[in-house]
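Numbering-wise (this note's numbering), the sequence shown opens with residue 921 and increments by one.
Ideal Cβ placement from N, Cα and C applies to all residues, glycine included.
These notes are about the structure you will find just below.
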Amino acid sequence: MRWILLIYIPMSLLSSLLLILDKAGAKLNRRRISERTLHTVELLGGWPGSWLTQRLIRHKISKRPYQHIFNRIVITHAAVLILVLSIAQ
(Lines of atoms letter the chains of each structure in order from A and count residues from 1; the text may use other names and numbers.)
(Lines give C-alpha, C1' and ligand atoms only; values in the text may rest on other atoms or scores of the structure.)
Protein backbone atom coordinates (compact mmCIF):
# COMPACT_ATOMS: atom_id res chain seq x y z
CA MET A 1 0.00 0.00 0.00
CA ARG A 2 3.02 2.29 -0.20
CA TRP A 3 1.94 3.27 -3.69
CA ILE A 4 -0.89 5.26 -2.11
CA LEU A 5 1.60 7.48 -0.30
CA LEU A 6 3.78 7.72 -3.39
CA ILE A 7 0.80 9.23 -5.18
CA TYR A 8 -0.89 11.27 -2.47
CA ILE A 9 2.16 12.99 -0.96
CA PRO A 10 3.65 14.59 -4.10
CA MET A 11 0.24 15.43 -5.55
CA SER A 12 -0.85 16.96 -2.23
CA LEU A 13 2.28 19.10 -2.17
CA LEU A 14 1.62 20.23 -5.74
CA SER A 15 -2.01 20.95 -4.94
CA SER A 16 -1.01 23.03 -1.91
CA LEU A 17 1.50 25.00 -3.95
CA LEU A 18 -1.05 25.71 -6.67
CA LEU A 19 -3.62 26.94 -4.15
CA ILE A 20 -1.04 29.21 -2.52
CA LEU A 21 -0.06 30.62 -5.93
CA ASP A 22 -3.72 31.09 -6.84
CA LYS A 23 -4.44 33.02 -3.66
CA ALA A 24 -1.35 35.17 -4.18
CA GLY A 25 -2.51 35.88 -7.73
CA ALA A 26 -5.95 36.85 -6.45
CA LYS A 27 -4.52 39.23 -3.84
CA LEU A 28 -2.11 40.86 -6.29
CA ASN A 29 -4.63 40.96 -9.15
CA ARG A 30 -2.33 38.81 -11.26
CA ARG A 31 -2.59 35.56 -13.17
CA ARG A 32 -4.64 32.87 -11.45
CA ILE A 33 -4.54 29.06 -11.50
CA SER A 34 -7.62 27.72 -13.27
CA GLU A 35 -10.12 25.75 -11.24
CA ARG A 36 -9.87 23.01 -13.84
CA THR A 37 -6.15 22.68 -13.08
CA LEU A 38 -6.76 22.69 -9.33
CA HIS A 39 -9.44 20.02 -9.63
CA THR A 40 -7.32 17.91 -11.96
CA VAL A 41 -4.48 17.81 -9.44
CA GLU A 42 -6.97 17.00 -6.67
CA LEU A 43 -8.42 14.19 -8.77
CA LEU A 44 -4.94 12.79 -9.40
CA GLY A 45 -4.41 12.41 -5.64
CA GLY A 46 -3.83 15.94 -4.37
CA TRP A 47 -7.11 16.30 -2.53
CA PRO A 48 -5.64 15.83 1.00
CA GLY A 49 -3.17 18.68 0.48
CA SER A 50 -5.86 20.78 -1.10
CA TRP A 51 -8.25 20.20 1.80
CA LEU A 52 -5.63 21.17 4.37
CA THR A 53 -4.35 24.19 2.44
CA GLN A 54 -7.85 25.49 1.74
CA ARG A 55 -8.43 25.66 5.46
CA LEU A 56 -5.00 26.97 6.44
CA ILE A 57 -5.01 29.87 3.99
CA ARG A 58 -8.81 30.25 3.84
CA HIS A 59 -9.00 30.01 0.06
CA LYS A 60 -11.86 28.55 -2.00
CA ILE A 61 -13.70 27.37 1.11
CA SER A 62 -16.77 29.54 0.59
CA LYS A 63 -17.02 29.08 -3.17
CA ARG A 64 -19.89 26.59 -3.44
CA PRO A 65 -19.42 25.38 -7.03
CA TYR A 66 -15.74 24.73 -6.33
CA GLN A 67 -16.51 22.90 -3.08
CA HIS A 68 -19.21 20.81 -4.76
CA ILE A 69 -16.72 19.43 -7.29
CA PHE A 70 -14.04 19.08 -4.62
CA ASN A 71 -16.38 17.06 -2.39
CA ARG A 72 -17.25 14.76 -5.29
CA ILE A 73 -13.53 14.17 -5.85
CA VAL A 74 -13.03 13.28 -2.18
CA ILE A 75 -16.01 10.91 -2.17
CA THR A 76 -14.76 9.24 -5.35
CA HIS A 77 -11.31 8.73 -3.85
CA ALA A 78 -12.79 7.34 -0.63
CA ALA A 79 -14.93 4.86 -2.57
CA VAL A 80 -12.00 3.72 -4.73
CA LEU A 81 -9.73 3.35 -1.69
CA ILE A 82 -12.33 1.28 0.14
CA LEU A 83 -12.73 -0.93 -2.93
CA VAL A 84 -8.97 -1.35 -3.43
CA LEU A 85 -8.34 -2.08 0.22
CA SER A 86 -11.17 -4.62 0.39
CA ILE A 87 -9.85 -6.42 -2.68
CA ALA A 88 -6.25 -6.41 -1.35
CA GLN A 89 -7.23 -8.32 1.78
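Residue i versus the options, residue with shortest Cα-Cα distance
i    : options                 : result
T957 : R950, L937, K947        : L937
R951 : E962, L939, H959        : L939
E955 : W923, V1000, A998, I989 : I989
T960 : H997, I977, Q1009, G945 : H997
G966 : I927, M921, R922        : I927
Contact check, residue i vs residue j, beta carbons under 8 Å
i    : j    : result
I953 : L934 : no
I977 : K943 : yes
I993 : L972 : no
Straight-line gap, residue i to residue j (C-alpha atoms, nearest Å)
i     : j     : result
N1012 : I1002 : Missing from the structure shown is residue 1012; the chain here goes from 921 to 1009 and no further.
I1007 : I929  : 23 Å
L925  : M931  : 10 Å
H979  : P968  : 15 Å
S970  : A999  : 18 Å
Q1009 : I995  : 22 Å
R975  : N949  : 21 Å
Reduced DSSP secondary structure (H/G/I, E/B, other) of residue i
i    : result
L934 : helix
L948 : coil
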